[in-house]
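Report on the following structure.
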Amino acid sequence: MQAFIGIDIAKQAHWACAIDRDAKVMFSMAVENDPPAIASNRTPYATNFKKAA
């Protein structure tokens, strides 16, 4: 399954949202501005993504 992710960057917390090819929301959540928090939140979905930038 291919997925697309968007991240709204902010000072204290980011907002991440992912959709599939049919525009179905896979997840939409606040993420702390902390690298381990970001990594732990994306891990369950990592196999659906081909690239990270």
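In terms of UniProt numbering, the sequence shown has 28 at position 28, counting the first letter as 1, and numbering is strictly consecutive.
Even for Gly, the Cβ is constructed at its ideal location relative to N, Cα and C.
Item	Value
According to DSSP, is I9 helix, strand or coil?	coil
At the 8 angstroms Cβ level, is I38 part of the contact set with chain C, yes or no?	Absent from the structure is chain C; it holds one protein chain and no more.
Could you have a look at A23 and say whether DSSP puts it in helix, strand or coil?	coil
Would you mind stating whether C17 and I9 have Cβ atoms separated by less than 8 angstroms?	no
Who pairs with A3 in a beta bridge, going by DSSP?	D20
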